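In case it helps, our numbering puts the sequence shown at residues 944 to 1015.
The beta-carbon is built from N, C-alpha and C at its ideal position, and this holds for glycine as well.
Keep in mind it's a predicted model, so treat the numbers as computed, not measured.
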Amino acid sequence: VRAEQVTIQAWSAQARERGMSKYQIEAFVKMFRYYDRRGFWGNSRVLRYLICRPPTTFEEFVERTARERMSS
């Protein structure tokens, strides 16, 4: 897994190519610009609160996905 930053212009072009609507793209661009200005705040308890259970770890996700693909 590798994370890399993509410019808003590049992301918008990819989104248009994939069929996202103008409204969807504009909404995401506003969100991206907000995070660029203000940061992305939160803590490890937010997701647990939102989904009402402990979140799945990356390791658990990989193991589950591997098991599911092996059984298919």
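- Counting only the Cα atoms, residue 981 lies some 43 Å from residue 1013.
- Counting C-beta pairs with one atom in each stretch, the segment 992-999 and the segment 964-977 have fewer than three that are closer than 8 Å, which means they do not touch.
- Rounded to whole angstroms, the gap between the alpha carbons of residue 1009 and residue 979 is 35 Å.
- In the structure shown, residue 1013 adopts helical secondary structure according to DSSP, grouped into three states.
- Bounds of any alpha helix (DSSP H) do not take in residue 983, whose DSSP letter is neither H nor E.
- The continuous alpha helix (DSSP H) containing residue 957 extends over residues 951-960.
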